[in-house]
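Quick note on numbering: the sequence shown equals residues -23 to -1, 1 to 147 in mature numbering (1 follows the signal peptide of the UniProt record, and there is no 0).
First comes the structure, then the notes that go with it.
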Amino acid sequence: MAWRRASMLAALVLVAAATCADAGESYGASMFTVTGTVLCQDCTKNWNAYAYNAKPIAGSVVAVTCLDEHTGRTVIHRTDTTDEEGVFKVEVPYAHDGGSCRLDPAHCLVRLVRSGDKGCAVLTNFNGGTTGEKPYRPSRVSPTEVAYSAGPYYATFTQCDVDGDDKSCS
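So this is what it looks like as structure tokens:
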């Protein structure tokens, strides 16, 4: 009986956390962080190697562009370059326009701008890599930090790029 109460309490805590996470709140932090990875997929390998053994791409550029929810204009544009493990970390302030306006991360897009590997430079739209992905639920929250996860984003080789594969109906 005690385990039922504990599991019910845990479920209520998870629902409350998810509800708060969807509210786009800053939780007292002055900025939020978007982190993720950029990887190279080699389609010339067998399927398992292609699907599971993507290699990190150092020197890739990832951007976070945030729009004003009323005017639709860009108010913040930040970029970061991936490290040797393909990891990026973009920090974005919640305040803009001299601190008079608060930014909602749901009005931002995270996207892959450029690959750091000239041989693996065809950007894919997996996880919204080229069209953009909106941060929608924090992966980590503390009084000083709100972090969102994005990606992973992928690039591939030119011989893997199929003409017209981005025009599917799905």
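Even glycine gets a Cβ: it sits at the ideal position worked out from N, Cα and C.
Inter-residue spacing [alpha-carbon to alpha-carbon] between residue i and residue j
i	j	result
V99	C20	12 Å
residue 223	S37	With the chain covering only -23 through 147, there is no way to say anything about residue 223.
T14	S116	15 Å
K22	N104	22 Å
P33	N25	17 Å
P70	Y113	16 Å
S92	G49	28 Å
T108	Y130	11 Å
C43	T101	22 Å
C78	K95	40 Å
D(-2)	Q136	Its pLDDT being 38, under 50, D(-2) is placed unreliably in this model, and the coordinates cannot settle the point.
C97	K66	21 Å
H54	D138	29 Å
Under 8 Å between C-beta atoms of residue i and residue j
i	j	result
E46	M8	no
C27	P82	Note that residue 27 is Tyr in the sequence shown, not Cys. The answer is no: Cβ separation not under 8 Å.
V52	A127	no
R88	A35	no
Cβ shell of residue i (< 7 Å), same chain only, five flanking positions each side left out
i	result
G5	P120
L16	A31, K32, P33, I34, G63, P129 and Y131
D60	A35
Q18	Y27, A31, Y131 and T133
With 16 other Cβ atoms within 10 Å as the buried cut-off, status of residue i
i	result
C85	buried
Y29	exposed
A(-18)	Because the pLDDT at A(-18) is just 46, under 50, the model does not fix this residue reliably, and the value given afterwards should be weighed accordingly. So A(-18) ends up on the exposed side.
residue 177	Nothing about residue 177 can be reported from this structure: the residues present for the chain run from -23 to 147 only.
Cβ shell of residue i (< 6 Å), same chain only, five flanking positions each side left out
i	result
V123	Y4, A6, F9 and P115
L80	C43, Y71 and H73
V90	V38 and A40
Proximal residues to residue i (C-beta, below 8 Å), its chain only, five neighbours per side dropped
i	result
E110	L86, V87, R88, N104, A127 and G128
Scan the region 16 to 69 and note each continuous beta strand (DSSP E) run of 3 residues or more that stays entirely inside, going in chain order. 38 to 44 and 51 to 58
Enumerated in chain order, which unbroken segments of the beta strand (DSSP E) with a length of 3 residues or greater are wholly contained in the region 102 to 138? 123 to 133
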